[in-house]
Every structure is written in structure tokens, then in C-alpha cells.
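Converting from the sequence shown to my numbering requires adding 1 to each position, the first position being numbered 1.
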Amino acid sequence: MSAQSTQATQAKARGKCPGCQLVHRMKGDSWWQTCWVFDAYMGRDTSPSWFISRDDRIECVRERLTANPKEEKQAIAWDSRR
């Protein structure tokens, strides 16, 4: 498998999000880039109308970021560039 196809596979990987604890597509370790609950935590409404960001899921994202300051810094930096 080439490096390019490996990157494409990682970009499309589905798994349990370490932030919201739901299963969705993630870009490698940067789970916040595709997490609607992270977006809700940051005050953005990017989810489709059928998806409800529950408070307990938002709290999971907050706890994950608080417990992982490096991830939090990367996620906030990424969010500020959008």
C-alpha cells in the first residue's frame, strides 16, 4: 500500500471518537475536525437538522480536551483558522 493511499484511508477512517464517544469519520488523530459535537462545544452549528448535540456528549468533549492540553491547543488553533 502506498503512502498516499494510506493517508486517504486514514482521512476516511470511521471509529469511536475519543471526544464525543460516538462513531463517525475522523481524520487520523484530529478527531475534532469532523466532530459535530466539538463544533457545538465551540459554539458552531454545523450538524444536520436531524442530529442533536446532547449536553452529556458536549461534556465528554470538554473533559477530553481538558485532560489532553496538547489536543486542546491543536483543536482550538484549528478551529480559529476556519
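Where is the CB? At the ideal position from N, CA and C, for every residue including glycine.
Distance check for residue j and residue i, CA to CA, integer angstroms please.
i, j, result
"residue 24", "residue 78", "24 angstroms"
"residue 10", "residue 57", "Caution applies to residue 10, whose pLDDT of 48 falls short of 50 and renders its modelled position unreliable; the value that the coordinates give is listed next. So the two alpha carbons sit approximately 30 angstroms from each other."
"residue 50", "residue 44", "16 angstroms"
"residue 65", "residue 33", "11 angstroms"
"residue 54", "residue 82", "23 angstroms"
"residue 26", "residue 18", "8 angstroms"
"residue 42", "residue 63", "7 angstroms"
Excluding the 5 residues preceding and the 5 following residue i in the sequence, name in chain order all residues of the same chain whose CB lies nearer than 7 angstroms to its CB.
i, result
"residue 47", "37, 40"
In its own chain, which residues sit with a C-beta less than 8 angstroms from the C-beta of residue i, not counting the 5 before and 5 after it?
i, result
"residue 6", "Note that residue 6 has pLDDT 48, beneath the 50 cutoff, so the model's placement of it is unreliable and the number below is only indicative. Once the five neighbours on either side are set aside, residue 6 has no close Cβ partner at all."
Hey, quick one: how far does the alpha helix (DSSP H) through residue i stretch, first residue to last?
i, result
"residue 58", "56-68"
"residue 39", "37-42"
Would you please state the rounded distance, in angstroms, between the beta carbons of residue i and residue j? I believe it to be under 8 angstroms.
i, j, result
"residue 61", "residue 20", "7 angstroms"
What is the residue span of the beta strand (DSSP E) that residue i lies within?
i, result
"residue 17", "14-17"
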